[in-house]
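> Handing you a structure now.
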DNA sequence: TGTGAAATTACCCAGGG
DNA sequence: CCCTGGGTAATTTCACA
């Protein structure tokens with residue numbers, strides 16, 4: 001799949017765009033030490049290669065009524081492909097589930113769930129456990145979001 | 001401050017922009033049933049009100065060498081303000097830490113950590129535990145990211 | 001809100017180092 | 001693979017009705 005070697009300039013571009021995608025190409029070019037055209041071409045390439053997957057607006061959860069975030073740890077009843085398939089069938093039905101990870105260790109799946117409040121979570125919880133048989137479910141409630149970023153760490157220092 | 005009541009159109013705008021911020025105002029306007037200018041003004045207002053916090057590019061972790069995601073659960077040595085202050089002082093020093101939550105229950109803090117591989121994580125782990133005294137730290141390793149979205153659930157159906 | 005026009009910006013050609 | 005410089009189309013931005 002083409003060259004996956006990102007040089008320092010590519011990493012700088014990603015670093016900038018992961019923090020602020022409104023940056024005009026002209027300014028981006030200046031920051032990474034390039035002129036417009038080659039900079040723009042690199043951005044196109046990064047998008048075509050699927051390295052930049054999308055550009056999105058981030059929204060303050062509280063301001064749109066998302067008052068509660070919960071991490072839900074799930075243990076499967078058994079470790080069969082059937083259970084996993086069922087799990088994957090059920091998950092998309094819940095818009096509250098924003099992230100899903102298959103884990104190593106005791107916990108089989110970890111969900112990040114965004115709801116308005118505790119009663120909404122309870123409703124979600126009851127529906128989920130009705131739709132999906134689990135050996136065990138543990139909910140861990142977020143009291144405060146101390147930090148959150150979509151910008152992944154990327155080394156812009158070394159060549 | 002100001003009006004925090006988002007009507008159906010505002011919620012539709014947010015819904016669209018949380019999924020794709022490249023959408024031109026003209027098309028966005030069409031989708032939410034408005035003409036350009038009022039739609040644009042609403043977007044401006046949503047930004048001014050801090051509801052839209054930023055616009056960013058999302059990047060495929062694997063393609064930039066982030067091969068391992070880990071959730072790190074931390075129990076404080078004690079529950080003093082001093083420990084929390086120290087915690088907050090230490091966290092920003094680690095670029096690998098992308099999310100930090102203060103939790104209810106046994107776990108005091110939950111971190112989401114992005115690193116290249118297990119040896120990088122081990123290095124991070126050793127440094128973190130050296131910088132921060134903890135009663136207990138438990139690392140839970142992500143095997144597979146099943147789903148991940150930055151788009152929060154928002155009701156676009158009801159008025 | 002809507003219409004229209006100006007300022008920015010994205011996009012995409014050349015030719016040359 | 002970089003730069004300069006141009007040109008067009010698209011978009012944002014902001015007059016004003």
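Residue numbers (full-length UniProt numbering), protein chains in the order written: chain A, 1 to 159; chain B, 1 to 159. Ideal placement from N, C-alpha and C gives every residue a C-beta, glycine not left out. Just so we're clear, the structure is a prediction, and the values are computed from it rather than from any experiment.
Could you tell me which chain B residues have their CB closer than 8 angstroms to the CB of residue 140 of chain A, listed as they occur along the chain?
103, 104, 105, 107 and 110
> Quick check on the DSSP output: what are the complete beta strand (DSSP E) runs of length 3 or more inside the UniProt domain "HTH asnC-type" (6–67) of chain A, in order along the chain?
52–59
> Would you kindly check if the distance between the Cβ of residue 152 of chain A and the Cβ of residue 59 of chain B is under 8 angstroms?
yes
> Taking beta-carbon pairs under 8 angstroms, can you tell me which members of the segment 19–32 of chain B lie near chain A?
19, 20, 21 and 22
> Could one say the Cβ of residue 114 of chain B lies closer than 8 angstroms to chain A's Cβ atoms, at least one of them?
Yes, its Cβ sits closer than 8 angstroms to a Cβ of chain A.
> On the DSSP letters alone, give me the boundaries of the alpha helix (DSSP H) that residue 119 of chain B sits inside.
Judged by DSSP secondary structure, residue 119 of chain B falls within the alpha helix (DSSP H) whose first and last residues are 118–131.
> Just checking my contact of residue 20 of chain A with residue 8 of chain B at CB under 8 angstroms: how many whole Å lie between their CB atoms?
Here residue 20 of chain A is actually not in contact with residue 8 of chain B; their C-beta atoms are around 29 angstroms apart, not less than 8 angstroms.
> Going by DSSP, what residues sit across from residue 164 of chain A in a beta bridge?
Because chain A spans 1 through 159 in this model, residue 164 of chain A falls outside it and cannot be assessed.
> Nearest CA to the CA of residue 91 of chain B: which residue from B/128, B/68, B/118 and B/69?
Cα-wise, what sits closest to residue 91 of chain B is B/128.
> With DSSP as the reference, label residue 91 of chain A as helix, strand or coil.
helix
> Quick one, which of B/117, B/147, B/33 and B/57 has its alpha-carbon nearest residue 18 of chain A's?
B/57
> What in chain A is Cβ-close to residue 143 of chain B, meaning under 7 angstroms?
102, 103 and 104
> Which residues in chain A have a C-beta closer than 7 angstroms to the C-beta of residue 54 of chain B? List them in chain order.
20 and 58
> Taking the straight line between their C-alpha atoms, what separation do you get for residue 49 of chain B and residue 96 of chain B?
30 angstroms
> Note down, in chain order, every chain A residue with its Cβ under 9 angstroms from the Cβ of residue 61 of chain B.
152
> Quick check: is any heavy atom of the ligand GDP less than 7 angstroms from the C-beta of residue 85 of chain B?
Looking at this structure, you won't find the ligand GDP or any other ligand, since it has none at all.
> Quick check on the burial criterion: 16 or more other C-beta atoms within 10 angstroms. Buried or exposed for residue 118 of chain B?
Per the 10 Å Cβ criterion, exposed.
> Give the straight-line distance between the Cα atoms of residue 66 of chain B and residue 6 of chain B, rounded to the nearest whole angstrom.
37 angstroms
> So, does the segment 104–120 of chain A touch the segment 62–77 of chain A, judging by three or more C-beta pairs under 8 angstroms?
yes
> With distances taken Cα to Cα, identify the nearest neighbour of residue 146 of chain A among B/100, B/122 and B/156.
B/100
> Between residue 32 of chain A and the rest of its own chain, which residues show a CB-CB distance below 6 angstroms, the 5 nearest in sequence each way excluded?
9, 12 and 13
> Suppose the cutoff is 6 angstroms on Cβ atoms and the five residues either side in sequence are ignored; what does the same chain contact list for residue 132 of chain B look like?
If we look at residue 132 of chain B and ignore the five residues flanking it on each side, its Cβ neighbours are 90.
> Would you mind giving the Cβ-Cβ distance between residue 102 of chain B and residue 144 of chain A, rounded to the nearest angstrom? I have them listed as a contact below 8 angstroms.
4 angstroms
> Terminal residues of the continuous beta strand (DSSP E) containing residue 99 of chain A?
97–103
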